[in-house]
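> Here the working numbering runs 125 ahead of the position in the sequence shown, where the first position is 1. Using N, Cα and C, we set each Cβ at its ideal position, and we do this for glycine too. Since we're looking at a predicted model, the values are computed, not measured. Can you read through this structure? Questions will come right after.
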Amino acid sequence: MKFLAITLITDSPDPVTGAPTPTRERYREVVAAARLAESLGFDGFGVGERHERPFLSSSPPVVLSHIAALTSRIRLFTAVTTLSLLDPVRAYEDYATLDHLCDGRLELMIGKGNGTAQRELFDVTPEDQWERNTEGYELFRRIWREDKVTAEPRFRPALSGAEVLPRPYQRDVRIWHGSATSRESVDLAARHGDPLFSANVTHPIGPYAELIRHYRERWEHYGHDPAHAVVGAGTAGFHTAPTSQQAARAYRPAFARYLDAHARQGLEPVFPTLEDFIERSSALIGSPQQVIEKVHRYHAEFGHTVLHLQAEPGGLTHAEHRASLELFQSDVAPVLRREIPDPAFPPA
C-alpha cells in the first residue's frame with residue numbers, strides 16, 4: 126500500500142488560539158507539510174482545487190511548482206483538477222510545465238468539482254457540468270499525448286492542428302479520477318483504463334464501496350484486465366496515538382468543530398458522536414493496531430492499494446499532528462505496505 130498526504134488549503138484559524146491565520150502563513154504551512162511528508166516517507170503529496178470559501182487552493186500548479194523546487198522524491202498530485210471549470214488547453218500548459226519542473230513526479234487527479242459558488246464564478250451550469258468534465262478530460266488527454274491536435278469541442282474554440290507547448294516530460298502521465306457520489310466519473314475512469322480515487326469522506330463506506338464495485342464492473346465491460354484496475358481511497362479524519370483513549374481525547378475538539386459546522390448550516394450530522402464517527406466513517410482514529418485493522422476492514426470492501434491522509438492538523442495542534450504522522454510511518458505504514466502489496470508508481 127502507498128500513502129498520500131493531501132490538503133485543500135482551508136483558510137482555517139489557529140487550532141489553539143482561534144486567531145485567523147494570515148494567507149501567506151497558510152501557504153507556508155502547506156509547503157512545510159509537503160516537506161515533512163517527504164521526510165517521513167510518504168509516497169505522494171496532493172493539493173486540491175477549490176474556488177470558493179473557505180479554501181485557498183485556487184491554483185494548485187503554482188503551489189505544487191514551489192513544492193517541487195523544495196523536494197526531490199515525493200510524487201506530486203492534484204486532488205482534484207476541476208476540468209469542468211477550466212479550459213483544458215490552459216490546464217495542459219500549466220501541468221506540462223509543472224511536469225518538467227518536478228522531473229516527472231506529477232500525477233493528476235481530475236474531477237467535476239463541488240460547490241455552487243465556484244460553478245457560478247466560472248458560469249458553469251449543473252446541467253452541463255458533467256459534459257464539460259468529460260469533454261475537458263478527453264481533450265486534455267489528447268493534447269498530452271499528441272503533438273498536434275484537431276478538435277471541435279462544444280465548450281471552447283475549435284483546434285486545427287494545434288501544437289500546445291511545452292510538450293510534457295512524461296509522455297503517458299497517470300491520471301486518476303476522483304469519485305464521490307456519481308457513476309459518471311466512475312464510468313469515465315473505467316472507459317479510459319484509468320485509476321479511480323474514492324473520496325470516501327462524507328458518509329459510511331457502503332455507498333463508496335458500491336461505486337468502486339461499479340467501476341470494476343465497467344472496467345471489465347470496456348475490455349480491460351481486472352488485475353490492472355487500481356483504486357485509491359480517502360479518509361474522513363486521521364489521528365493515531367499510542368492508545369485509543371489518547372487518540373480519541375486529542376481528536377474530540379476537532380470533531381466538535383465538525384458538529385458546529387453542520388449546526389451553522391442547519392444540517393444533521395451524518396455521524397452524531399465521535400464514537401460513531403470512529404466506528405462507521407472512514408476516519409482512522411485510534412492506536413496503531415486499531416488503524417491497521419480498520420484499513421484492512423475497508424480494504425476488504427474497496428480493494429484499494431493507495432490511501433490518503435490529511436496533510437495538515439485539521440483541528441489538532443501542529444505538535445499532535447506531527448507526532449501522529451510520525452507514529453503512522455513508524456508503526457502503521459510498514460505493516461500495511463507489507464500486508465497490502467500494490468503496483469509501483471511510475472519512476473520519476
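Beta carbon of S182, beta carbon of V172: below 8 Å?
In this structure, the beta-carbon distance from S182 to V172 falls below 8 Å.
> Please go through the same chain and pick out, in chain order, the residues whose beta-carbon is closer than 8 Å to the beta-carbon of G318, but skip the five residues on each side of it.
These residues qualify, in order along the chain: W344, Y347, H349 and H353.
> DSSP state of S79, grouped into three classes?
The structure shown does not extend to residue 79, since the chain spans only 126 to 473, so no value can be given for it.
> Whole-angstrom Cβ separation of I134 and F180, contact assumed at under 8 Å?
6 Å
> Can you tell me which of the three DSSP states S323 falls into?
In the structure shown, S323 falls within a strand segment according to DSSP collapsed to helix, strand and coil.
> Look up A372 in the DSSP assignment and say whether it is helix, strand or coil.
Helix, per DSSP.
> Grab the span of the beta strand (DSSP E) containing L233 for me, first residue to last.
Here the beta strand (DSSP E) through L233 covers L231 to G236.
> Among T206, E260, A379 and T146, which one has its Cα closest to the Cα of S304?
The shortest Cα separation from S304 among T206, E260, A379 and T146 belongs to T206.
> Let me check understanding here. Comparing Cα to Cα, which of T275, A458, R175 and A242 lies closest to L129?
In this structure, A458 is the residue among T275, A458, R175 and A242 with its C-alpha nearest to the C-alpha of L129.
> Evaluate the contact criterion for the stretch 241-257 versus the stretch 202-218: three or more CB pairs, one atom per stretch, below 8 Å.
yes
> Under 8 Å, do V326 and K127 count as touching if we go by C-beta distance?
no
> Determine the direct distance from the alpha carbon of Y262 to that of A379, and round the result to whole angstroms.
About 36 Å.
> Can you name the start and end residues of the beta strand (DSSP E) that F128 belongs to?
K127 to T132
> Could you check the C-alpha separation between V214 and R267 for me, to the nearest Å?
C-alpha separation (whole angstroms): 10 Å.
> Quick check on R178: buried or exposed, where buried means 16 or more other Cβ atoms within 10 Å of its Cβ?
Here R178 is exposed. Its C-beta has fewer than 16 other C-beta atoms within 10 Å.
> Compute the distance between the beta-carbons of S406 and G359, then report whether it is under 8 Å.
no
> Please report the residue range of the alpha helix (DSSP H) in which H443 lies.
Here the alpha helix (DSSP H) through H443 covers H443 to L452.
> Taking the alpha-carbon of L195 as reference, which of Q370, Y220 and L161 has the nearest alpha-carbon?
L161
> Taking all protein chains shown into account, do 16 or more other C-beta atoms lie within 10 angstroms of the C-beta of L321, making it buried, or fewer, making it exposed?
That one is buried.
> K237: which of R230, S455, R257 and R151 sits nearest, CA to CA?
Answer by Cα proximity: R257.
> Using 8 Å as the cut-off, can you tell me whether the stretch 462-469 makes contact with the stretch 387-394, which would need three or more C-beta pairs spanning the two stretches below that distance?
The answer is no - the stretch 387-394 does not touch the stretch 462-469, with fewer than three Cβ pairs under 8 Å.
> Helix, strand or coil for F470 per DSSP?
Here DSSP, grouped into helix, strand and coil, assigns F470 to coil.
> Within 10 angstroms of the Cβ of K419, are there 16 or more other Cβ atoms? Answer buried if so, exposed if not.
buried
> Fully enclosed by the stretch 377-408, which alpha helix (DSSP H) runs are 4 residues long or longer?
399-405
> Give me, in chain order, the residues of the same chain whose beta-carbon lies closer than 6 Å to that of V355; leave out the 5 immediate sequence neighbours on both sides.
Answer for V355: P320, listed in chain order.
> With a threshold of 8 Å on Cβ separation, who are the neighbours of R308 within its own chain once the five nearest residues in sequence on each side are excluded?
Non-local beta-carbon contacts of R308 in its own chain, meaning distances under 8 Å to residues more than five positions away in sequence, involve L336 and H339 in chain order.
> Contact check, V220 vs L233 under 8 Å by CB: the rounded distance?
As written in the sequence, residue 220 is Tyr, which differs from the Val given in the question. At roughly 6 Å, the Cβ-Cβ gap stays under 8 Å, so Y220 and L233 are in contact.
> Using CA coordinates, which residue listed in P138, S137, G166 and P140 is at the minimum distance from L450?
Closest option to L450, Cα to Cα, is G166.
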